[in-house]
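**Q** Structure incoming, see below.
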Amino acid sequence: MLITLQYFLTVMQMVAAIKVRLHSSDTSGESSNRLSKRSPVQLQGDISSCYRMKFNIAGVDLDLKVDSRISDSIVPLPNLNNYQGPTLSYPEHADAVTLKYDGGASAKGHGFLTTVSIPETTISIKSAPVVGISEQSENPVIIDGNPNQGVFSFAYPSIAMYHAKPPTIMDAIYESGAVPNNEVAMELCPYGLSEKSYIDIGNTETDPKCDTDGQPVIWVQSPSRDRFTVNIKEIRIDNKARRLPSEFQVKESEDIWHPYSFISTCSKYISLPRKIVDKLIRAIGKSGAFKPKLTKDDIKKFFEKKQTIKVPDHIIDWKKLPKLSFVMYTETSKTGKASRSSVEITLGGRDYIQQVGAEEYQFFVDVGRNKRVVLGTPFMLRMRVVFDRTNQRIGFGPGCGCEDSADGYPIISSNSQVLWSPRPKKSSFRQSSYRKLSKS
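Mind the numbering: the sequence shown is residues -17 to -1, 1 to 423 in mature numbering (1 follows the signal peptide of the UniProt record, and there is no 0), read in order.
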């Protein structure tokens, strides 16, 4: 049986909740191997790449990218082109599957059920679905073997290409009773703290943090049950709403799904419509935050080519950089009608200009499609984000580094009321603002 499904994504560049530390494709970071079953097992990763976690699939140890954009979890089969690393064999009667993604990434292989476990945890599943690929596109490749040896995906089953029961690895974990909640929480950390990044499968291992109980301070209902979508009402730069393209989040006849904006754990940038990016760059230029002032050549290299700026060649006055805010409806009906209630998440300059080396900084906003926003890892880096697959919603709360914030961002607000913001370090008078909202 040949299953072919093309859909449009950006390029693919347990007994209790199980916290698993995340690791980056950047091998320069150090990680700890002294982990108990209750300790976070490290997520390898940083902002320069997809975060990865360790799995054992069909008896083979693999490092899998963690991707919230798709449903099928991908593993390598023997003789996979452009791949050097461990591989799996597949059953004789496995279903043939073809994968196609926007941007030219594609693969062919077979879907099958197999054993799946997560090292350093009690999670061990006898039958979970994977798609083993034996052929993939060359530019871009989906997995290369070093370090990416597969993909762990946890989007909703509706966009799965391999149709199985259970439909995804996450569903298999939840339905087995290994975790109490069909939820995935992620806390991703910026440069200098990346070894603390983790994934909490089940979302019950929470601790009080930064004047909260550790759970989300606000929940946003996803308007569609495919990716982890959000219905964006406004994008603001320094509190001023910017005009969105006429086609923004408007479904046309050629669209397979409604083009809502979505959160992506495996996208390097915050992708915005061109006019919004241009206005943000102009606001940064006018802010006077860079000393010396950026030349035209500097602007092209830094904002367009994404080359780094080095200190002390340029000094950045972070307080002068403009704020970037996303206003989302908390609920959207099946007919597309949005509620009056909204949540606003405001980022500071340290969110969209990230440190990537000891003295290097990079701009992490790029030009995407006019139809939607992709909120990639820079958006998530200083929040704890919870993906609730049962209730079709996304939770936002205090995340990595909030105990010692340098700037007091991000700020989470609802209907003009600040729900939470971190306390900037070296400040004895500002208190965190926090009000817990009902989870229901």
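Backbone N, C-alpha and C define an ideal beta-carbon position, used for all residues, glycine too.
To the nearest angstrom, how far is it from the Cα of Ser117 to the Cα of Thr70?
**A** Approximately 10 Å, taken between the alpha carbons.
**Q** Taking the alpha carbon of Lys293 as the point to measure from, which residue in Asp127, Ala272 and Ala341 has its own alpha carbon closest?
**A** Comparing Cα-Cα distances from Lys293 to each of Asp127, Ala272 and Ala341, the minimum goes to Ala341.
**Q** For Met153, name the three-state secondary structure that DSSP assigns.
**A** Three-state result, Met153: helix.
**Q** Can you name, in chain order, every residue of its own chain whose Cβ lies under 6 Å from the Cβ of Ser308, other than the five neighbours on each side?
**A** Result list for Ser308: Arg219, Glu327 and Thr329, in chain order.
**Q** Which runs of the beta strand (DSSP E) at least 3 residues long sit entirely within the region 72 to 158? Give them in chain order.
**A** As far as the region 72 to 158 is concerned, its whole beta strand (DSSP E) runs of at least 3 residues are 78 to 84, 89 to 100, 107 to 119 and 134 to 136.
**Q** Count the other CB atoms, across all protein chains shown, that sit within 10 Å of the CB of Ala77; report buried if there are 16 or more and exposed otherwise.
**A** Buried: at least 16 other Cβ atoms inside 10 Å.
**Q** Is the beta carbon of Ala161 less than 8 Å from the beta carbon of Asp183?
**A** In this structure, Asp183 does not lie closer than 8 Å to Ala161 by Cβ.
**Q** Hey, could you find the ends of the alpha helix (DSSP H) Phe370 is sitting in?
**A** Note, Phe370: premise wrong, no alpha helix (DSSP H); beta strand (DSSP E) at Met366 to Asp371.
**Q** Quick one: Cα of Ile57 to Cα of Asp85, how far?
**A** Each residue's alpha carbon lies about 17 Å from the other.
**Q** Whole angstroms are fine: how far does the CA of Gly92 sit from the CA of Lys2?
**A** Between Lys2 and Gly92, the C-alpha separation is close to 31 Å.
**Q** Check whether the region 268 to 288 and the region 251 to 259 touch, using three or more Cβ-Cβ pairs below 8 Å as the test.
**A** Touching, no, given that fewer than three Cβ pairs across the two stretches are closer than 8 Å.
**Q** In angstroms, rounded to a whole number, what distance separates the CA positions of Ile106 and Glu166?
**A** For Ile106 and Glu166, the distance between alpha carbons rounds to 15 Å.
**Q** Is Arg265 buried or exposed, if buried means 16 or more other CB atoms sit within 10 Å of its CB?
**A** Exposed.
**Q** Roughly how many angstroms separate the alpha carbons of Lys408 and Ala224, rounded to a whole number?
**A** Going from the Cα of Lys408 to the Cα of Ala224 covers about 29 Å.
**Q** In three-state DSSP terms, what is Gly378?
**A** Strand, per DSSP.
**Q** Buried or exposed, going by whether 16 or more other CB atoms sit within 10 Å of the CB of Glu75?
**A** Burial call: exposed.
**Q** Quick check: the Cα distance between Tyr344 and Gly268, rounded to an integer number of angstroms?
**A** Roughly 16 Å between the two C-alpha positions.
**Q** Mind pulling the beta strand (DSSP E) runs of 3 or more residues that sit fully within the region 383 to 413?
**A** Listed in chain order, the complete beta strand (DSSP E) runs (minimum 3 residues) inside the region 383 to 413 are 394 to 397 and 400 to 404.
**Q** Since Pro228 and Leu263 should fall inside the 8 Å C-beta cutoff, what is the C-beta to C-beta distance between them, to a whole number of angstroms?
**A** Their Cβ separation, rounded to whole angstroms, is 15 Å, which puts Pro228 and Leu263 out of contact at 8 Å.
**Q** Consult DSSP for Leu47 and reduce its assignment to one of helix, strand or coil.
**A** It is a strand residue.
**Q** Give every residue of the same chain whose Cβ lies closer than 6 Å to the Cβ of Val114, excluding the five residues on either side of it in the sequence, and list them in chain order.
**A** Cβ neighbours of Val114 beyond the five flanking positions: Asp55, Ile57, Val80, Gly92, Gly94 and Tyr145.
**Q** Use the C-beta contact count for Ser177: other C-beta atoms within 10 angstroms, 16 or more gives buried, fewer gives exposed.
**A** It is buried - the Cβ of Ser177 has at least 16 other Cβ atoms within 10 Å.
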